[in-house]
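Residue numbers (the working numbering): -17 to 229. The C-beta atom is built at its ideal place from N, Cα and C for all residues, glycine as well.
So this is what it looks like as C-alpha cells:
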C-alpha cells in the first residue's frame, strides 16, 4: 500500500510509533524513525533489521523542541532519499497532574512536546512536499481531545491543539495536494498500560463497548490507511480508534 514512499515517523522506537514503523515497512515504505535517544533508536533499528534485513529503515534522534535540530534532521532525510511523502507526528507525553499541583514548567513541557514539536517538524516538511507536488501529514491525537479527562489538563489541552492544527492545515495545504489528518487512539496496550494491575485494567475494559483494550497495531492500521492512496480524498479528519470508549 505504500510501495516506494518515504516516511518519517517521530516517537518511532516503541508502542504505537514502533508498530506504525513496522506496518509501513511491511507495506513497502522506506522509513526514518525519530527517537529521543541514540540508544533507543539503535535498539529499535536492530529489532527491525533482525525481523527483515531487506527493510529500508534508518533512524535519527533530533531534539523535537528545537527548530534548528529538527530542520537539520529533516534535511538529512531529504538528502538521503530525495523526498518525504509521509510524516507521522507520533512523539508525545501524557500527564495526570491535578491543576493545583502544576508548575509553569511542567505545563510548558507537555505543550512543547505535544504541540510545538509537531509544528517544528511540519514546517520544513511542508516546503519539501510542496516542491515535490504533494504529501501526507498525520498527527497523533487522543480520545481525550474529544472528551477531556479529570486531571492532567495539559494533555487534553495539547491534543485539542493538535486537532485544531490538523483541521486548519488541511484547509491551508489542500491546494498544494498535501493531506493532513489525525488519529485519536483510545486506551492502547503500550508498555505503560500493560504494566497496570488487572484490577485497574478490568474497569477500563468494561467502559469500552468493544470490551477490549486496543493494540498498537490497531492504531498503526489507521495510520496505514490514512497514508495510503485509499484515503486520497480524506483530509481534515480526526479518526477515533478507541472502541467507542469516547461514547
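Assumed close pair residue i, residue j - CB separation to whole angstroms, cut-off 8 Å
i	j	result
residue 16	residue -8	4 Å
residue 135	residue 56	No, residue 135 and residue 56 are not in contact; Cβ-Cβ is about 31 Å, not under 8 Å.
residue 66	residue 110	5 Å
residue 220	residue 148	7 Å
residue 52	residue 46	6 Å
residue 128	residue 222	7 Å
residue -1	residue 98	At roughly 18 Å, the Cβ-Cβ gap does not stay under 8 Å, so residue -1 and residue 98 are not in contact.
residue 12	residue -12	5 Å
residue 27	residue 209	At roughly 21 Å, the Cβ-Cβ gap does not stay under 8 Å, so residue 27 and residue 209 are not in contact.
residue 202	residue 2	4 Å
residue 169	residue 227	7 Å
Helix, strand or coil at residue i according to DSSP, with G and I counted as helix
i	result
residue 112	helix
residue 189	coil
residue 12	strand
residue 135	coil
residue 183	helix
residue 195	coil
residue 117	strand
residue 229	The predicted model places residue 229 with a pLDDT of 49, which falls under 50 and marks its position as unreliable, so this point remains unresolved.
residue 6	helix
residue -4	coil
residue -16	coil
residue 74	coil
residue 216	coil
residue 80	coil
residue 150	helix
residue 210	coil
residue 156	helix
residue 45	coil
Boundaries (first-last residue) of the beta strand (DSSP E) holding residue i
i	result
residue 161	160 to 167
residue 129	Counting along the chain, residue 129 falls outside any beta strand (DSSP E), though it belongs to the alpha helix (DSSP H) covering 126 to 129.
residue 221	220 to 223
residue 38	First-last for residue 38: undefined, no H or E at that position.
residue -9	-12 to -8
residue 69	68 to 71
Assigned exposure category for residue i - 16 Cβ within 10 Å defines buried
i	result
residue 30	buried
residue 19	exposed
residue 121	buried
residue 185	exposed
residue 123	buried
residue 161	buried
residue 192	exposed
residue 235	Nothing can be reported for residue 235, as the shown portion of the chain is limited to -17 through 229.
residue 6	buried
residue 78	exposed
residue 41	buried
residue 138	buried
residue 86	exposed
residue 125	buried
residue 34	exposed
residue 140	buried
residue 211	exposed
residue 146	exposed
residue 166	buried
residue 217	buried
residue 256	Residue numbering for the chain in the displayed model covers -17 to 229; residue 256 lies beyond these limits and cannot be assessed.
residue 173	exposed
residue 83	exposed
Where the alpha helix (DSSP H) through residue i begins and ends
i	result
residue 56	49 to 63
residue 20	20 to 33
residue 92	86 to 93
Opposing strand residues paired with residue i [DSSP bridges]
i	result
residue 122	165
residue 170	196
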